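**Q** The following block contains the structure, expressed as structure tokens.
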Amino acid sequence: MRKLIINLFVVLFFISLSNCLVAQELKIGFVQKQFLVNNLGAKEGIRQKLDSGRNALYQRYQLTQRANTQKITQLVDQRKKATSSSEQQRITQQIEGLQLNTQEEREKIELDYQTLEKKAVDDLILKVDNAIAEVVKTKKIKHLLTQSSGNGESVILYADQQTNATYNITLEVAKLLGLTTN
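So the sequence shown is numbered by our numbering: it starts at 23 and just counts up by one.
Now the structure itself:
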């Protein structure tokens, strides 16, 4: 019986020792991803590029709108001069078609801008994710937390200075992205 108890204690000792070793291999980190995305976007002038793209799309819309407005004006004059109701109806349908074309062009421009904006954001996130992955791989991090959720709520409420210095990889990722940090 005594031997059984000793063997049980030895087994429990090794189990607890192996658990300690597993816990030591648990490598965690955290990152401020939104900070990185925002600063990379500013560095790369994403807002200016999006504004420039929006202006180009708006100019395209204005060209379509002007051309259609001129055609509509001409058609209105033709409709006034038309003698038969069938001719007036045909001209009215052409006017409605041009108005619809203008509306569709406006909607297409809005969709094109949304696509442009989404691509710009997706490209930023991909660059940040790739840089994060590189730091995670270099530091052999097993679990990575984000410091705040997508809607701005804190996931990590507090980390003391030592913990922050040990586990926060934000500055390393920023450096890899060529961002200056204060």
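For glycine and all other residues, C-beta sits at the position ideal for the given N, C-alpha and C.
Keep in mind that this is a model prediction, so the values were computed, not measured.
Which residue wins for smallest C-alpha separation from residue 71, given the options 190, 135 and 167?
**A** The sequence position of residue 71 within the sequence shown is 49, counting from 1. The candidate whose alpha carbon is nearest that of residue 71 is 135.
**Q** Taking the beta carbon of residue 192 as the centre, do at least 16 other beta carbons fall within 10 Å, making it buried, or is it exposed?
**A** Position 170 of the sequence shown, counting from 1, holds the residue named residue 192. Classification for residue 192: buried.
**Q** Here's a check: name, in chain order, each residue in its chain whose Cβ is nearer than 8 Å to the Cβ of residue 69, leaving out the five neighbours to either side.
**A** Start at 1 with the first residue of the sequence shown, and residue 69 comes out as number 47. Here the set comprises 63.
**Q** Just tell me which of 95, 137 and 128 has its CA closest to the CA of residue 117.
**A** Start at 1 with the first residue of the sequence shown, and residue 117 comes out as number 95. Of the candidates 95, 137 and 128, the one whose C-alpha sits nearest the C-alpha of residue 117 is 95.
**Q** Is it the case that the Cβ atoms of residue 196 and residue 61 are separated by a distance below 9 Å?
**A** As a working note, residue 196 is residue 174 in the sequence shown. As a working note, residue 61 is residue 39 in the sequence shown. Yes. Within cutoff.
**Q** By Cβ distance below 7 Å, which residues in the same chain neighbour residue 82 in space, the five residues on each side in sequence not counted?
**A** Within the sequence shown, the letter at position 60 stands for residue 82. Here the set comprises 131.
**Q** How should residue 154 be labelled, buried or exposed, when 16 other C-beta atoms within 10 angstroms of its C-beta is the threshold for buried?
**A** On the sequence shown, residue 154 is found 132 positions in, with the first residue counted as 1. Buried is the call here.
**Q** Would DSSP call residue 50 helix, strand or coil?
**A** Locating residue 50 in the sequence shown gives position 28, counting from the first residue. The answer is strand: DSSP assigns residue 50 an E or B state.
**Q** DSSP puts residue 90 in a beta bridge; with which residues?
**A** For this step, residue 90 is matched to residue 68 along the sequence shown. Residue 90 is not bridged to any residue.
**Q** Per the DSSP calculation, residue 193 is bridged to which residue(s)?
**A** As a working mapping, residue 193 is identified with position 171 in the sequence shown. DSSP output for residue 193 lists no bridge partner at all.
**Q** Please classify residue 90 as buried or exposed, where buried requires at least 16 neighbouring CB atoms within 10 angstroms.
**A** The sequence position of residue 90 within the sequence shown is 68, counting from 1. Buried: at least 16 other Cβ atoms inside 10 Å.
**Q** When you compare the CB positions of residue 58 and residue 166, do they come within less than 9 Å of one another, or not?
**A** Mapped onto the sequence shown, residue 58 falls at position 36. Mapped onto the sequence shown, residue 166 falls at position 144. It is not a contact, given that the beta carbons lie outside the stated cut-off.
**Q** Going by DSSP in three states, residue 166 sits in which element: helix, strand or coil?
**A** Counting from 1 along the sequence shown, the entry for residue 166 is found at position 144. In this structure, residue 166 counts as strand in the three-state DSSP scheme.
**Q** Beta-carbon separation of residue 190 and residue 53 under 9 Å?
**A** Taking the first residue of the sequence shown as 1, we reach residue 190 at position 168. Taking the first residue of the sequence shown as 1, we reach residue 53 at position 31. In this structure, residue 53 lies closer than 9 Å to residue 190 by Cβ.
**Q** Starting from the Cα of residue 199, find the closest Cα among 65, 122, 49 and 51 and give me that residue.
**A** As a first step, residue 199 must be located in the sequence shown, where it is residue number 177. Residue 65 is the option with its Cα nearest to residue 199.
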